[in-house]
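Peer 1:
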Amino acid sequence: MGGELMARKKNSIDTEVLKKIYRTVSRIRHFEEQGIKLYRQGLIKGYFHPYLGQEGIAAGVCAGLLPGDNIASTHRGHGHCIAHGAEVKGMVAELLGRRDGYCKGYGGSMHIADIQNGNLGANGIVGAGSPLGVGAALASQIIGDGKVTVTFSTDGGTNNGTFLESLNMAAIWNLPFVLVVENNQYAVSTPISEATRDTELYKRGEAIGVESHRVDGNDPIEVYEVTSRAIEKCRKGEGPIMIEAVTYRHAGHHVNDPGAYMPEDRLEYYKGIDPIIRGRKALKDMAGLSDTEIDAIDQEVYDEYEEALEFAKASGEVTAEEFHEFAMGY
Ligand SMILES: Cc1ncc(C[n+]2csc(CCOP(=O)(O)OP(=O)(O)O)c2C)c(N)n1
Ligand SMILES: [Mg+2]
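This note's numbering applies: residue 941 is where the sequence shown begins, and numbers increase by one.
(1) Specify the secondary structure class of G943 as computed by DSSP and reduced to three states.
(2) Where D1231 and R1218 are concerned, what is the direct C-alpha to C-alpha distance, given to the nearest angstrom?
(3) Using the C-alpha atoms, what's the distance from G1048 back to A1248?
(4) For G942 and E1162, what's the separation of their Cα atoms in angstroms?
(5) Which term fits L883, buried or exposed, when burial requires 16 or more other beta carbons within 10 angstroms of its beta carbon?
(6) Taking only the alpha-carbon atoms, compute the straight-line gap between G1177 and F1266 and give it to the nearest angstrom.
(7) DSSP puts I1083 in a beta bridge; with which residues?
(8) Return the Cβ separation of G975 and E1257 in integer angstroms, given the expectation that the two are a contact with Cβ distance under 8 angstroms.
(9) How long is the line joining the alpha carbons of G1199 and K1211, rounded to whole angstroms?
(10) Does DSSP classify L1119 as helix, strand or coil?
(11) Excluding the 5 residues flanking E1151 on each side, which residues of the same chain have their C-beta closer than 6 angstroms to its C-beta?
(12) For E1140, is the classification buried or exposed, using 16 other Cβ atoms within 10 angstroms of its Cβ as the cut-off for buried?
(13) Measuring from the CB of A1127, is there a heavy atom of ligand 2 at a distance below 7 angstroms?
(14) Within 10 angstroms of its Cβ, does I953 collect 16 or more other Cβ (buried), or is it exposed?
(15) Which whole-angstrom value describes the C-beta separation of D1029 and A1236, a residue pair presumed to lie in contact below a C-beta threshold of 8 angstroms?
(16) Please say whether E1122 and T1094 have beta carbons closer to each other than 8 angstroms?
(17) Can you tell me which of the three DSSP states D1054 falls into?
(18) Could you have a look at H1194 and say whether DSSP puts it in helix, strand or coil?
(19) Measuring straight from C-alpha to C-alpha, what distance separates C1021 and I961?
(20) May I ask whether a heavy atom of ligand 3 can be found less than 7 angstroms away from the beta carbon of T1094?
(21) Using three-state DSSP, classify P1203 as helix, strand or coil.
(22) According to the Cβ coordinates, are R1154 and V1118 closer than 8 angstroms?
(23) Per the DSSP calculation, A1012 is bridged to which residue(s)?
(24) Sorry if obvious, but does the Cβ on K996 come closer than 7 angstroms to a heavy atom of ligand 1?
(25) State the DSSP-derived secondary structure class of E973, mapped to helix, strand or coil.
(26) Measuring CA to CA, which of G1269, H1018 and G1149 is closest to I1112?
(27) Would L1005 pass as an interface residue toward chain D - the criterion being a Cβ-Cβ separation below 8 angstroms?
(28) With burial defined as no fewer than 16 other Cβ atoms inside 10 Å of the residue's Cβ, what is the status of K949: buried or exposed?
(29) For S1152, write down the residues that DSSP places opposite it in a beta bridge.
(30) DSSP puts T1130 in a beta bridge; with which residues?
(31) For N1059, list the residues DSSP reports as bridge partners.
(32) Which of the three DSSP states is assigned to R1189 in this structure?
(33) Indicate whether R967 and V1195 have their beta-carbon atoms separated by less than 8 angstroms.
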């Protein structure tokens, strides 16, 4: 784990991979910032848990996955969907409750799923993505389809019984399963030091014989380096692996939480090692890109979002009657 903005060796990661990681970080950042505006305009119903500050984890992890691999996500899941290839237009439409959304507008922020493309879904139940992911990994082992499943979980999720049960099962069966614990150091307003004695969560994986690592979750490149190796080991039958990615959110638990319990100096520290700053630095140090070239990537992301928003607003809003009919079909 670093924490400092260290210089990295030139060309040690392919430029296209570095660009992809940065584009994903930028895409998620913009999606969340604009989504918060939509929420404040009253256009999004229900909750919205921003992923601001944590983008480096989804971007770094998913850059190591293949398109057909599976992910299972959390209540803070927009970034995971985008990083695993979801189209921004279907995401915005889902947030706005429109028919062209990923789940026809029936799911909203906390329930975006795209099973065909390996997204087993965001999840409002803390810790519930772990058994889902283990099930998918077991299926892959039985079918022999060569897929790896990553479950994104949380520091809060490690105190749910599903954490140990899932990781232990994955371990005894050597499943192609990577458990990424996003340790943003809070569960709502409870600091991790009040939720567990040992705040180094990766040790819990080690305690049950699972290869486990702790990475700087604000550094998308470190996340990519460690998780892509883990994913490849799992693909060769050497799983499971646990990764604890340490990070900090930029604001409160959800859009309406002012986050008054988050000390200013810690917030400033983490904003100083933000994944956007880290991603830009990596593109300059490792691939020799200029600020102008990196700004052009951001501009493409902004343009893509504008188109997505237009698309979503033009899509029909789901009615209560439609929803009733849909729900009765189950
Ligand atoms: C099983 C379960 N218990 C309680 C809740 C209520 N709840 C919603 S979010 C949350 C804590 C979230 O903290 P963490 O799991 O660390 O995720 P983060 O919000 O930090 O990403 C809780 C307790 C829930 N959704 N599911
Ligand atoms: Mg947390």
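Virtual Cβ for every residue (Gly too), placed ideally from N, Cα, C.
Peer 2: The answer reads as follows:
(1) If you number the sequence shown from 1, residue 943 lands on position 3. Interpretation of G943 is limited by its pLDDT of 46, a score under 50 that renders its predicted location unreliable; the figure taken from the coordinates is listed afterwards. In the structure shown, G943 sits in coil (DSSP, three-state: anything other than H, G, I, E or B).
(2) Taking the first residue of the sequence shown as position 1, residue 1231 is located at position 291. Taking the first residue of the sequence shown as position 1, residue 1218 is located at position 278. The alpha-carbon atoms of D1231 and R1218 are separated by roughly 13 angstroms.
(3) In the sequence shown, the residue the question calls residue 1248 occupies position 308. In the sequence shown, the residue the question calls residue 1048 occupies position 108. Between A1248 and G1048, the C-alpha separation is close to 16 angstroms.
(4) Your numbering for residue 942 matches position 2 in the sequence shown. Your numbering for residue 1162 matches position 222 in the sequence shown. In this prediction, G942 has a pLDDT of 45, which is less than 50 and means its spatial position is unreliable; nothing more can be read from the coordinates.
(5) No answer is possible for residue 883: it lies beyond the span of the chain, which begins at 941 and ends at 1270.
(6) Taking the first residue of the sequence shown as position 1, residue 1177 is located at position 237. Taking the first residue of the sequence shown as position 1, residue 1266 is located at position 326. When rounded, the distance between both Cα atoms is 40 angstroms.
(7) Start at 1 with the first residue of the sequence shown, and residue 1083 comes out as number 143. Bridge partners of I1083: none, in fact.
(8) Position 35 of the sequence shown, counted from the start, is the residue given in the question as residue 975. Position 317 of the sequence shown, counted from the start, is the residue given in the question as residue 1257. 17 angstroms between Cβ atoms; not a contact.
(9) Stepping through the sequence shown from its first residue, residue 1199 is reached at position 259. Stepping through the sequence shown from its first residue, residue 1211 is reached at position 271. For G1199 and K1211, the distance between alpha carbons rounds to 15 angstroms.
(10) What you label residue 1119 is simply residue 179 of the sequence shown in a count that begins at 1. L1119 falls in the strand class under three-state DSSP.
(11) Counted from its first residue, the sequence shown places residue 1151 at position 211. These residues qualify, in order along the chain: I1181.
(12) Against the sequence shown, residue 1140 aligns to sequence position 200. With fewer than 16 other Cβ atoms within 10 Å, it is exposed.
(13) To locate residue 1127, count along the sequence shown from 1; it is residue 187. Yes, ligand 2 has a heavy atom inside 7 angstroms of this Cβ.
(14) For the purposes of this step, residue 953 is identified with residue 13 of the sequence shown, where counting begins at 1. Buried: at least 16 other Cβ atoms inside 10 Å.
(15) Position 89 of the sequence shown, counted from the first residue, corresponds to residue 1029. Position 296 of the sequence shown, counted from the first residue, corresponds to residue 1236. The question names Asp, yet the displayed sequence has Lys at residue 1029. Not quite, the Cβ-Cβ distance comes to about 21 angstroms (not below 8 angstroms), so this is no contact.
(16) For the purposes of this step, residue 1094 is identified with residue 154 of the sequence shown, where counting begins at 1. For the purposes of this step, residue 1122 is identified with residue 182 of the sequence shown, where counting begins at 1. Cβ distance < 8 angstroms, so T1094 and E1122 count as in contact.
(17) Translated into the one-based positions of the sequence shown, residue 1054 becomes position 114. If DSSP states are grouped into helix, strand and coil, D1054 belongs with the strands.
(18) Here the question's residue 1194 lines up with position 254 in the sequence shown. In the structure shown, H1194 sits in coil (DSSP, three-state: anything other than H, G, I, E or B).
(19) By one-based count along the sequence shown, residue 1021 stands at place 81. By one-based count along the sequence shown, residue 961 stands at place 21. Using only the alpha carbons, I get a separation of about 14 angstroms.
(20) As presented, the structure is devoid of ligand 3, carrying ligand 1 and ligand 2 as its sole ligands.
(21) Position 263 of the sequence shown, counted from the first residue, corresponds to residue 1203. Correct three-state label for P1203: coil.
(22) Reading the sequence shown from its first residue, position 214 is the one you call residue 1154. Reading the sequence shown from its first residue, position 178 is the one you call residue 1118. Cβ distance not < 8 angstroms, so R1154 and V1118 don't count as in contact.
(23) Position 72 of the sequence shown, counted from the start, is the residue given in the question as residue 1012. Looking at the DSSP assignment, A1012 forms a beta bridge with T1091.
(24) As a working note, residue 996 is residue 56 in the sequence shown. The amino acid occupying residue 996 in the given sequence is Gly; Lys does not appear at that position. Every heavy atom of ligand 1 is 7 angstroms or more from the Cβ of G996, so no.
(25) For the purposes of this step, residue 973 is identified with residue 33 of the sequence shown, where counting begins at 1. Reduced to three states, the DSSP call for E973 is helix.
(26) For this step, residue 1112 is matched to residue 172 along the sequence shown. Out of G1269, H1018 and G1149, G1149 has the C-alpha closest to the C-alpha of I1112.
(27) Included in the structure is just one protein chain, with no chain D present.
(28) As a working note, residue 949 is residue 9 in the sequence shown. Label assigned to K949: exposed.
(29) Residue mapping note: residue 1152 aligns to position 212 of the sequence shown, counting from 1. Answer by DSSP bridge pairing, in chain order: M1182.
(30) Against the sequence shown, residue 1130 aligns to sequence position 190. Bridge partners of T1130: A1127.
(31) Residue 1059 sits at position 119 when you count from the first residue of the sequence shown. Per DSSP, I1011 and D1054.
(32) Here residue 1189 refers to the residue found at position 249 of the sequence shown. Under the three-state reduction of DSSP output, R1189 falls in the coil class, being neither helix nor strand.
(33) The sequence position of residue 967 within the sequence shown is 27, counting from 1. The sequence position of residue 1195 within the sequence shown is 255, counting from 1. For R967 and V1195, no; Cβs fall outside 8 angstroms.
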